[in-house]
Amino acid sequence: MSELHKFLFDGLPVRGMVVRLTDAWQEILARRASNTATGAYPAPVAELLGEMTAAATLMQANIKFNGALILQIFGDGPVKIAVAEVKPDLSLRATAKVVGELAADVRLSDMVNVKNKGRCAITLDPKDKLPGQQPYQGVVPLFGDRGEKLDRLSDVLQHYMLQSEQLDTTLVLAADDKVAAGLLIQRLPVKGEANLEGTSRSDHDQSNEDEIGRNEDYNRISILASSLTRDELLTLDVDTILRRLFWEEKLLRFEPQAGLLGPHFACTCGRTRVANMIRGLGMEEAESILAERGDIEVGCDFCGKQYRFDAVDAAQIFTAPGDQMPGTAVVQ
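Here's what the structure looks like:
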């Protein structure tokens with residue numbers, strides 16, 4: 003079961019989180035793999051998307067915001083765009099559009115930043131928008147301060163957090179075909195509570211900026227966190243990870259979040275929604291598709307799940323509810 007763990011370092015201005023996405027991540031991959039039009043994600047794309055999903059979960063859990071956090075990577079390579087979306091209840095989904103072939107050892111810059119024009123965007127889309135309110139979006143390039151290409155998503159996001167919040171942040175990310183996981187360590191803001199919402203916080207912005215790279219406690223803990231390897235992050239349980247990394251530190255841990263209270267997969271698509279779309283096409287158009295193909299197949303543009311309706315299914319769509327035959331418990 004996917005899980006999120008939050009903790010504080012007692013007496014120190016440092017907080018941390020660990021996320022392990024298992025069933026939620028496997029559902030994302032399974033839906034894409036079952037799509038007959040696209041097939042499974044190439045391994046490098048799946049790894050990037052898994053890291054993005056873990057990172058987006060950490061960032062959503064790190065802020066108080068009633069809306070969706072959307073992390074996007076886009077550019078001029080074969081991966082045109084990759085997106086991970088996490089809502090306040092930690093429901094999540096992810097997708098990527100791939101054009102062309104990818105080598106097995108392809109890097110981030112090769113996938114989306116061939117001409118160093120790639121971008122990373124984080125959007126906060128409020129759930130209950132006020133009249134005229136627009137989503138907040140921050141965008142950073144996929145290169146460092148000297149124009150060098152960044153080939154690790156963690157480096158891109160650390161750079162983003164430093165620019166947008168003036169807060170030192172350490173991220174360790176990893177993903178394979180079973181687990182997408184991440185560790186976040188962050189220096190606490192000097193005053194108030196920093197967030198990604200773009201609100202005016204000039205008073206403590208300068209204080210936080212003055213502290214960048216100077217807090218010895220954070221620097222020590224960051225070095226420890228950065229020693230975590232990819233294999234350790236993917237294979238070890240959270241208790242073991244925290245014990246190995248921070249055995250000399252006193253941690254104040256919160257109740258882990260799992261199940262529907264933790265990270266879980268959810269997409270806005272569904273068979274009922276697709277049926278309503280087919281109904282909107284009209285009976286004549288639906289019958290035309292059935293005559294040509296034998297069934298009506300609709301795939302979700304985001305998660306990739308395909309929904310198929312045969313002639314009997316289609317007839318039910320255009321039958322008044324009171325005239326429909328009783329349903330069956332058998333899954334077709």
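Note that this note's numbering has the sequence shown beginning at 3, numbered continuously upward. Positions of the beta carbon are idealized from the N, C-alpha and C atoms, including for glycine. Remember, it's a predicted structure, so these values are computed and weren't measured experimentally.
Is Tyr138 helix, strand or coil when you go by DSSP? Secondary structure of Tyr138 (DSSP, three-state): strand.
Would you call Ala277 buried or exposed, if buried means 16 or more other Cβ atoms sit within 10 Å of its Cβ? buried
Given a cut-off of 7 Å on the beta-carbon distance, is the pair Gln160 and Leu169 in contact? no
Neighbourhood of Ile291 by C-beta distance below 7 Å, restricted to the same chain and skipping five residues each side: Ile298
Thinking just about the alpha-carbon of each residue, which of Leu226, Glu250, Pro258, Ser229 is nearest to the one in Val240? Pro258
On the three-state DSSP scale, how would you describe Asp219? helix
How is Gln168 classed by DSSP in three states: helix, strand or coil? coil
Can you name, in chain order, every residue of its own chain whose Cβ lies under 6 Å from the Cβ of Ala177, other than the five neighbours on each side? When the five nearest sequence neighbours on each side are left out, the beta carbons in the same chain lying within less than 6 Å of the beta carbon of Ala177 are those of Glu49, Gly52, Glu53, in order along the chain.
Output the distance between the C-alpha atoms of Ala106 and Asn221, rounded to the nearest integer angstrom. 35 Å
Cβ neighbours of Lys82 in the same chain (closer than 7 Å, five flanking residues each side left out): Phe76, Lys99, Val101
Beta strand (DSSP E) segments (min. 3 residues) lying fully within the region 105–153: Within the region 105–153, the complete beta strand (DSSP E) segments of 3 residues or longer fall at 121–128, 138–143, listed in chain order.
For Glu299, the first and last residue of its enclosing beta strand (DSSP E): 298–301
Contact the region 265–285 vs the region 298–309: 3+ CB pairs below 8 Å: yes
On the DSSP bridge assignment, give the partners of Val88 in chain order. Leu71, Leu94
Hey, how far is the Cα of His266 from the Cα of Arg95? It is roughly 9 Å from the alpha-carbon of His266 to the alpha-carbon of Arg95.
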